[in-house]
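A.B. asks:
Residue numbers (the UniProt record's numbering), protein chains in the order written: chain B, 1 to 306; chain A, 1 to 306.
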């Protein structure tokens, strides 16, 4: 049976590219039938990656059958995976996030998690010299994933390994990193086609502080004004989205990639208090700028206080 | 702060040797202060390994402080670890068991799990050429762990990698594998110093089938008669041990390493029924021989039916 390789729901570039990379490796190097899949529409940056490197868009699936062989990449969180994931035949997990607990496997399997910025960097290490046999599209996907997850090396999650791998790939592919990253980030910043609710859910993770459950949303963009122009309707939509998703509050951080700062929308006193306690800022209006903040994993989640 | 490296409770050879190997690697190769530890008295085979290779017995600890840096080896099961493990600063997990779910980490960490017979085999791969700098004791611990976990390559958990690593180490150390394994297994078989309750708990894992909770105990020995001579008092002790440990029934499999078979003690109708349904045997007396059965992971747990 063909193994399905997929990342998390709301696929970003890493969760779209890494399944393509690993399915290539399983098929062409390991001789095991495998197919990349997506758990939803890829975001605009991921779509740009597919287009730029002439990669087929993986099939979007909305569940996995019991005993379906799967490889999970870029997450180990059951909440970000199909409901029946523990009944699937999980063959391997390749990830760079903290261990959440909740995934179970029927027998011993291959699990590799490292504190890198990007799943694709770990795959580069795991594939080793066999990567020489990969088509440009696979290497291009790898480079795209790393530039996306590191915000072109600006994110504090970036490691020396992520950087070295990206530069090696760019050299081999003849890619000018700043020019290519600019195109990727422009694609990510084009959010005109998305509804307010879609924007609030696009890149978000649930996170609890004490008894308060947040949906912590991050929009990485080179054009923060485009998003902030919609702040009133975004804030009006937070209540309904929170209710529908069973959380207390949506927090939307608009991350300005180029200026390395985040703007948090402040729709009410709860968020005002969270902003002041978590980031030591004074909030007056309905937005507050957080200088230097670009990473949910390293800078937002660890700081959150209610 | 010095990192503590430890395996599971009721330490066997792999859970005693692997912490020694990895603490050496962290100290001498990675330049990070580390110390092996044990979560209980090592079993008699593990004690033989320490003696044979002139290794210091690691300190026995009965808990870990919050924020204590730790590396967990040879398990990922919180039930086999100190109660406060999720409050420790878990730096890495190196294991060869199925993912149980339940361990959580505060941030992304190094996790490496592979379906090998032995943690030490995985460490051999991870350490790579730096192992050349290890003292004989570290290499000897590695070899001992592999021979123990594979029952000298008899267990169906044995992979080609486990075998190749063991042979490479034996060649380098000038160890005659059959002669050395015989000594190890003789040490493991010397259970005269242990009470019946201690024997029932020595190498056991809890496992539920439907609503029935078992303590599945395995005693690997080259001298099954020594254990079976005590079968009456062992069976008398199963009730109190089960009650004290909060399970419904203790199952004791006496594994004859050399003849590659297990003898299951049958104290009551529940175990008789389990034996017949799980292994397709007819049970008449208070024991039943299961030809070819040596591995709890591969042959006992997957077969269990109530």
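Every residue gets a Cβ at the ideal spot worked out from N, C-alpha and C, and that includes glycine.
Source: prediction; values computed, not measured.
Going by other Cβ atoms of all chains shown within 10 Å of its Cβ, with 16 needed for buried, is residue 34 of chain A buried or exposed?
C.D. replies: Residue 34 of chain A comes out buried.
A.B. asks: According to the neighbour-count rule (16 or more other Cβ atoms, all chains shown, within 10 Å of its Cβ), is residue 93 of chain A buried or exposed?
C.D. replies: Buried, because 16 or more other Cβ atoms sit within 10 Å of the Cβ of residue 93 of chain A.
A.B. asks: Please report the residue range of the beta strand (DSSP E) in which residue 72 of chain B lies.
C.D. replies: Residue 72 of chain B -> beta strand (DSSP E) spans 69-73.
A.B. asks: Opposite residue 262 of chain A in the DSSP bridges: which residues?
C.D. replies: Answer is A/255 and A/290, bridged to residue 262 of chain A.
A.B. asks: Roughly how many whole angstroms lie between the Cα atoms of residue 235 of chain A and residue 3 of chain B?
C.D. replies: Roughly 46 Å separates the two Cα atoms.
A.B. asks: Relative to chain B, which residues along the stretch 202-213 of chain A have a C-beta separation below 7 Å, given in chain order?
C.D. replies: Those would be none; no residue qualifies.
A.B. asks: Residues in the same chain with beta-carbon distance under 6 Å from residue 38 of chain A, minus the five sequence neighbours each way, listed in chain order, please.
C.D. replies: So the qualifying residues of the chain are 11, 58 and 60.
A.B. asks: Considering residue 105 of chain A, what are the terminal residues of the beta strand (DSSP E) in which it resides?
C.D. replies: Taken as a continuous stretch (DSSP letters only), residue 105 of chain A belongs to no beta strand (DSSP E), as it is neither H nor E.
A.B. asks: Helix, strand or coil for residue 23 of chain A? Go by DSSP, reduced to three states.
C.D. replies: Helix.
A.B. asks: From this set, A/5, A/200, A/172 and A/259, which residue's C-alpha is nearest residue 253 of chain A's C-alpha?
C.D. replies: Measuring from the Cα of residue 253 of chain A, the nearest candidate turns out to be A/200.
A.B. asks: Does chain A have any CB closer than 8 Å to the CB of residue 105 of chain B?
C.D. replies: Cβ-Cβ to chain A under 8 Å: yes for residue 105 of chain B.
A.B. asks: How about residue 38 of chain A: is its C-beta nearer than 8 Å to some C-beta of chain B?
C.D. replies: So no, residue 38 of chain A is outside the interface.
A.B. asks: Tell me, please, whether the CB atom of residue 115 of chain B is closer than 8 Å to any CB atom in chain A?
C.D. replies: Chain A, which has a Cβ nearer than 8 Å to the Cβ of residue 115 of chain B, makes this yes.
A.B. asks: When you compare the stretch 173-184 of chain B with the stretch 122-132 of chain B, are there three or more beta-carbon pairs, one atom per stretch, that lie closer than 8 Å?
C.D. replies: With a cut-off of 8 Å, the stretch 122-132 of chain B and the stretch 173-184 of chain B do not count as touching, because too few Cβ pairs lie within range.
A.B. asks: Show which residues of chain A have a CB atom less than 9 Å away from the CB atom of residue 136 of chain B.
C.D. replies: The contacting residues do not exist; residue 136 of chain B stays about 29 Å from chain A at best.
A.B. asks: DSSP three-state call for residue 240 of chain A: helix, strand or coil?
C.D. replies: In the structure shown, residue 240 of chain A sits in a helix (DSSP, three-state: H, G or I).
A.B. asks: Using the three-state DSSP reduction, which class does residue 158 of chain B fall into: helix, strand or coil?
C.D. replies: Coil, per DSSP.
A.B. asks: For the stretch 78-103 of chain A, enumerate the residues whose C-beta is nearer than 7 Å to any C-beta of chain B, in chain order.
C.D. replies: Per Cβ criterion, the list reads 96, 97, 98, 99, 100, 101, 102 and 103.
A.B. asks: Taking only three categories from DSSP, how would you classify residue 220 of chain A?
C.D. replies: DSSP places residue 220 of chain A in strand when its eight states are reduced to three.
A.B. asks: Mapping the DSSP letters down to three states, classify residue 4 of chain B as helix, strand or coil.
C.D. replies: Strand.
A.B. asks: Are the stretch 229-244 of chain A and the stretch 183-200 of chain A in contact at 8 Å, needing three or more beta carbon pairs?
C.D. replies: Enough Cβ pairs lie closer than 8 Å, so yes.
A.B. asks: Does the count of Cβ pairs from the stretch 24-34 of chain A and the stretch 159-169 of chain A closer than 8 Å reach three?
C.D. replies: As far as the Cβ criterion goes, the stretch 24-34 of chain A does not touch the stretch 159-169 of chain A, which means the pair count is below three.
A.B. asks: According to DSSP, is residue 61 of chain A part of a helix, a strand, or is it coil?
C.D. replies: Reduced to three states, the DSSP call for residue 61 of chain A is coil.
A.B. asks: Kindly indicate the opening and closing residues of the beta strand (DSSP E) around residue 36 of chain B.
C.D. replies: Start and end: 34-38.
A.B. asks: Helix or strand or just coil, what does DSSP make of residue 214 of chain A?
C.D. replies: Strand.
A.B. asks: Can you list the residues of chain B that residue 109 of chain A reaches, using a CB-CB cut of under 9 Å?
C.D. replies: Near residue 109 of chain A (Cβ distances below 9 Å), the residues of chain B are 98, 99, 113, 114 and 115.
A.B. asks: Once DSSP output is grouped into helix, strand and coil, what is the label at residue 269 of chain A?
C.D. replies: Residue 269 of chain A falls in the helix class under three-state DSSP.
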